[in-house]
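Please read the structure below before turning to the comments.
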Amino acid sequence: MVLDDDSYPAQLQACYPHHNIKFSLMMRRGGLVKVYDSCLMSGSLYKSVLLSDHTSAEELIQLLLHCYNSKEKHTAFALYEVCPSRKYERKLHKDELPLRTQKEWPLQDLYFLQLRYNADEPLQKRKIPWTKSVDSLGKITFRLSTKEDISPTLIHSPTLKPSFNDYENYFYI
Numbered sequence: 001m002v003l004d005d006d007s008y009p010a011q012l013q014a015c016y017p018h019h020n021i022k023f024s025l026m027m028r029r030g031g032l033v034k035v036y037d038s039c040l041m042s043g044s045l046y047k048s049v050l051l052s053d054h055t056s057a058e059e060l061i062q063l064l065l066h067c068y069n070s071k072e073k074h075t076a077f078a079l080y081e082v083c084p085s086r087k088y089e090r091k092l093h094k095d096e097l098p099l100r101t102q103k104e105w106p107l108q109d110l111y112f113l114q115l116r117y118n119a120d121e122p123l124q125k126r127k128i129p130w131t132k133s134v135d136s137l138g139k140i141t142f143r144l145s146t147k148e149d150i151s152p153t154l155i156h157s158p159t160l161k162p163s164f165n166d167y168e169n170y171f172y173i
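Rendered as structure tokens:
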């Protein structure tokens, strides 16, 4: 008997406690895809992933993020099919099936899948750790906040060090 995707084997086994029920897990039909993922890990060239025929582009992105223990949102990335020799690239829709896309390529060696940051995803702006203060004369001054001034949710790293290589930490007047 083949169970549906939304079946609960433990509940099924509980319904028949006196029967010796065994379950075996089998993978759906599928194949191997190679995804160039240097945007996730600079030292990585590509990741080979075994997918089912029903795995969507969105699910593949989630798998790749999980492989690298990344905490980034899957919506921050997009999957592209690329053919450099033909100067062709196309962003896959989140519901497209990468394995099916790969099987439709006329020349497998000329095409590849590439993970990129999603240009359609709006960038999240981080709150700048500056504190505004007004003295008794009404003079306004700004200073870089200390750990005590900033709530823990605003701190992205365990240590509060200003990163002057990050443009978002600059204060413009």
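Residue numbers (full-length UniProt numbering): 1 to 173. No residue lacks a Cβ here, since even glycine has one placed at the ideal position from N, Cα and C. As the structure is a prediction and not an experimental result, all values here were calculated from the model.
Best match in the options for proximity to residue i [C-alpha to C-alpha]
i: THR55; options: LEU3, ASP4, SER133, ARG100; result: ARG100
i: LYS94; options: TYR88, GLN108, HIS74; result: HIS74
i: VAL2; options: PRO17, ARG28, HIS19; result: ARG28
i: CYS67; options: PHE77, LEU40, LEU25; result: LEU40
i: PHE23; options: TYR8, GLY30, ASP37; result: TYR8
i: ASP109; options: SER85, SER44, HIS19; result: SER85
i: LEU25; options: CYS15, SER44, ASP5, ALA14; result: ASP5
i: PRO98; options: VAL49, LYS132, GLY43, ARG143; result: VAL49
i: LEU60; options: LYS132, THR131, TRP105, GLY30; result: GLY30
i: TYR117; options: GLN102, GLU72, ARG143, LEU12; result: GLU72
i: THR131; options: SER70, PHE142, LYS103; result: PHE142
Residue i vs residue j beta-carbon contact at 8 Å
i: ALA57; j: LEU92; result: yes
i: PHE77; j: LEU51; result: no
i: GLU81; j: GLU89; result: yes
i: LEU113; j: VAL35; result: yes
One or two residues paired with residue i in a DSSP bridge
i: CYS39; result: Note: CYS39 sits in no beta bridge, so no partner.
i: GLN114; result: TYR36, TYR80
i: VAL2; result: Per DSSP, none; premise fails for VAL2.
i: PHE142; result: LYS132
i: TYR88; result: CYS83
i: LEU107; result: Looking at the DSSP assignment, LEU107 forms no beta bridge with any residue, so it has no partner.
i: TYR46; result: TYR36
i: SER56; result: DSSP, once it has assigned bridges, lists no residue as partnering SER56.
i: LEU137; result: None, per the DSSP bridge assignment.
Outcome for residue i when other beta-carbon atoms lying within 10 angstroms are tallied against a minimum of 16
i: LYS47; result: buried
i: LEU154; result: Because LEU154 sits at a pLDDT of 47, beneath the cut-off of 50, its placement in the model cannot be relied upon, and the following sentence gives the value as read from the coordinates. When all chains shown are included, LEU154 counts as exposed.
i: TYR111; result: buried
i: PRO17; result: exposed
i: ASP135; result: exposed
i: ILE21; result: exposed
i: ILE140; result: exposed
i: LEU65; result: buried
i: ASP37; result: buried
i: LEU12; result: exposed
i: HIS19; result: exposed
i: TYR172; result: No answer about TYR172 holds up, because its pLDDT of 48 lies below 50 and its placement is not dependable.
Near the ligand ATP: residue i beta-carbon under 7 Å from a heavy atom
i: LYS103; result: This structure lacks the ligand ATP; in fact it carries no ligand of any kind.
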